[in-house]
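Colleague:
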Amino acid sequence: MEDEITFDPDLIHAIFKLVWTRRALERQRNESADALDFQVQVGAGTSKKNRPNYANANALKLSCELLRVFIAEAVQRAATIAEAEGVSKIEATHLERILPQLLLDF
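If you use the working numbering, the sequence shown closes out at 1205, no skipped numbers anywhere.
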């Protein structure tokens, strides 16, 4: 794993933070809409919006490796389909054909 090219953990962390931020904003919008219907009782420090989201270094490394393996497998499967069709270039249709089974396998 050390010698292979993988994704930058800082990039993956930035993507995670972006998703966490968007979900927090979405949750906040939903809570404000629900607050009109009923009162929300929240214990001190138990609200999801009060807890910081973080990922430790090992989790980021593992996420990078999982993403690398997932992409490599997708390219390999799409290349097999393209080769069977006699095409030397992978196209979006090849990825579309392998995606359902790939998602089931992972």
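Where a beta carbon is used, it is the ideal one built from N, C-alpha and C, also for glycine.
#1: Identify the continuous alpha helix (DSSP H) that holds threonine 1179 and give its terminal residues.
#2: Thinking just about the alpha-carbon of each residue, which of Phe1205, Lys1116, Glu1184 is nearest to the one in alanine 1173?
#3: Return the residue from the list Glu1125, Tyr1153, Ser1131 that minimises the CA-CA distance to isoleucine 1114.
#4: Tell me which residue opens and which closes the alpha helix (DSSP H) that glutamate 1195 is part of.
#5: Taking the alpha-carbon of glutamate 1215 as reference, which of Glu1164, Ala1178, Arg1128 has the nearest alpha-carbon?
#6: Can you tell me which of the three DSSP states valine 1118 falls into?
#7: So, at 8 Å on beta carbons, what are the nonlocal neighbours of alanine 1181 in its own chain, with the 5 sequence-adjacent residues on each side left out?
#8: Is the distance from the Cβ of proline 1108 to the Cβ of leucine 1165 below 9 Å?
Modeller: Judging by the given coordinates:
#1: Indexing the sequence shown from 1 puts residue 1179 at position 80. Where threonine 1179 is concerned, the enclosing alpha helix (DSSP H) stretches over 1156–1183.
#2: The count along the sequence shown starts at 1 and reaches residue 1173 at position 74. Checking every option, the nearest Cα to that of alanine 1173 belongs to Phe1205.
#3: Locating residue 1114 in the sequence shown gives position 15, counting from the first residue. Here the closest residue by C-alpha is Tyr1153.
#4: Working through the sequence shown from its first residue, we reach residue 1195 at position 96. Counting along the chain, the alpha helix (DSSP H) containing glutamate 1195 begins and ends at 1191–1204.
#5: This structure does not reach residue 1215, given that the chain is present from 1100 up to 1205, and the question cannot be answered.
#6: Start at 1 with the first residue of the sequence shown, and residue 1118 comes out as number 19. The answer is helix: DSSP assigns valine 1118 an H, G or I state.
#7: If you number the sequence shown from 1, residue 1181 lands on position 82. Once the five neighbours on either side are set aside, the close Cβ partners of alanine 1181 are Ser1187, Lys1188, Ile1189, Glu1190, His1193.
#8: For the purposes of this step, residue 1108 is taken as residue 9 along the sequence shown, with counting starting at 1. For the purposes of this step, residue 1165 is taken as residue 66 along the sequence shown, with counting starting at 1. The Cβ atoms of proline 1108 and leucine 1165 do not sit closer than 9 Å to each other.
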